[in-house]
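Numbering (the working numbering), first residue to last: 138 to 474. Note that CB positions come from ideal geometry on N, CA and C, so glycine has one too. Down below is the structure, laid out as structure tokens.
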Ligand code: KG4
Ligand code: ZN
């Protein structure tokens with residue numbers, strides 16, 4: 138059973154091939170056009186997907202040494218994401234499935250981030266979380282604590298009520314005049330800084346929910362006050378500023394995750410989404426896991442940020458259950474579980 142999967146929800150055009158649950162290729166073309174605008178411009182994202190989708194799919198098939206006629210199904214991201222961006226992947230997937238007369242499989246992008254934990258590729262066998270497990274999914278658009286009962290049985294038990302944590306990283310970076318996406322740059326500078334150099338307030342949210350808009354505003358005022366007193370403040374303290382803000386965001390994320398783990402009694406703990414590429418978050422989660430007696434699972438770097446391999450994994454599980462989609466399907470920018 139060979140599935141071609143397509144991801145086009147935001148600013149990555151990606152295609153992957155999966156044969157009997159094993160990833161044979163995963164091609165990701167990141168759109169650099171957005172850098173100069175300090176964020177993803179939806180119309181430009183859509184156009185870039187149109188330009189890239191054909192070469193990206195061709196490359197994924199070539200890398201996997203698979204011909205179109207050998208495909209059993211086509212999977213694609215139905216949502217959540219940017220409408221114009223999703224439309225390109227969805228239209229392409231529908232057309233290809235129709236032309237080859239094979240089933241079409243819709244995938245929820247956030248579920249796919251969780252299922253990235255089950256990716257096996259040519260790099261060898263990796264341990265996978267046992268059900269039920271908790272997954273902290275942290276990306277540019279979402280921050281969720283997900284209770285995963287089975288491959289396709291998931292429940293969001295906590296989430297952000299305003300900004301996503303990736304957005305908090307990116308907006309902080311923007312205030313520091315760093316290019317988009319700023320998350321990886323904050324991570325890099327933070328590695329040379331003191332995480333306790335500056336303190337930022339943490340907002341106490343009820344239950345298992347998060348809020349990141351307050352810290353963004355607090356950071357804005359902090360920078361305004363500091364640069365008023367010392368105009369070179371950012372240039373002279375960049376590593377310490379990055380380390381301190383990153384430390385605060387990690388503390389907020391992990392304190393709630395620990396609460397969720399204690400509340401549910403679950404010790405299988407997973408991390409997913411673009412922000413799970415953050416080296417500080419990975420290390421701190423591992424330390425907390427050792428202390429709490431958790432088994433911690435973090436996907437390989439390339440499967441943390443947006444990629445079609447995770448879409449292929451989700452499509453693989455759906456194929457096994459015969460969960461196919463009709464040609465009438467349209468993208469859902471606010472798709473829920
Ligand atoms: O999952 P993803 O690739 O796309 C969405 O579905 O949103 O996540 C992208 C987010 C961006 O906010 C980016 O800044 C953040 O992940 N990110 C990081 C790191 N690498 C990516 N944030 C902090 N540290 C990183 N190393
Ligand atoms: Zn994502």
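For residue 270, the enclosing beta strand (DSSP E) has its first and last residue at 270 to 275. In the DSSP assignment, residue 198 falls within the alpha helix (DSSP H) that extends over 179 to 200. Residue pairing by DSSP places residue 294 in no beta bridge whatsoever. For residue 287, there is no enclosing alpha helix (DSSP H); the enclosing beta strand (DSSP E) has its first and last residue at 280 to 287.
Secondary structure at residue 388: helix, using DSSP grouped into helix, strand and coil. By the Cβ test, the stretch 188 to 202 is in contact with the stretch 156 to 169, since at least three Cβ pairs between them sit closer than 8 Å. Straight across, the Cα-Cα distance linking residue 276 with residue 453 is about 23 Å. Going by beta carbons, residue 297 and residue 347 fall inside the 9 Å limit.
In this structure residue 313 is buried. Its beta-carbon is surrounded by 16 or more other beta-carbon atoms within 10 angstroms.
Residue 223 is positioned such that its CB atom lies closer than 9 Å to that of residue 469. Under the three-state reduction of DSSP, residue 258 is assigned to strand. Residue environment analysis places residue 218 among the buried positions, since at least 16 neighbouring C-beta atoms fall within 10 angstroms of its C-beta. A distance below 9 Å separates the beta carbons of residue 185 and residue 170.
Classified as exposed, residue 432 has fewer than 16 neighbouring CB atoms from the shown chains inside 10 Å of its CB. Distances from the alpha-carbon of residue 272 to those of 407, 215, 176 put 407 closest. Straight across, the Cα-Cα distance linking residue 319 with residue 238 is about 43 Å. Between residue 383 and residue 321, the gap from beta carbon to beta carbon reaches 9 Å or more. Of all C-beta pairs linking the stretch 436 to 447 to the stretch 140 to 152, three or more are shorter than 8 Å, placing the two stretches in contact. Counting every other CB atom within 10 Å of its CB across the protein chains shown gives residue 250 a total of 16 or more, marking it as buried. Excluding residues up to 5 positions away in sequence, 268 lie with their Cβ nearer than 7 Å to the Cβ of residue 287 in the same chain. Proximity to ligand 1 was defined by a C-beta distance below 5 Å to any of its heavy atoms, and the residues meeting it, in sequence along the chain, are 276, 277, 278, 303, 306, 307, 318, 320, 321, 324, 410, 411, 412, 414, 415, 442, 443. Not a single heavy atom of ligand 2 lies less than 8 Å from the C-beta of residue 453. Proximity of the beta carbon of residue 246 to ligand 2 is indicated: a heavy atom of the ligand is located closer than 8 Å. By the CB criterion at 9 Å, residue 305 and residue 386 fall inside the cutoff. As the crow flies, the alpha-carbon of residue 365 is around 51 Å from that of residue 191. In this structure, the beta-carbon distance from residue 317 to residue 174 falls below 9 Å. With a cutoff of 8 Å, residue 147 counts as near ligand 2, since its C-beta is closer than that to a heavy atom of the ligand.
For residue 354, the secondary structure class from DSSP, reduced to helix, strand or coil, is helix. In this structure, residue 250 has its CB closer than 8 Å to one or more heavy atoms of ligand 2. Between residue 455 and residue 212, the CB-CB gap stays under 9 Å.
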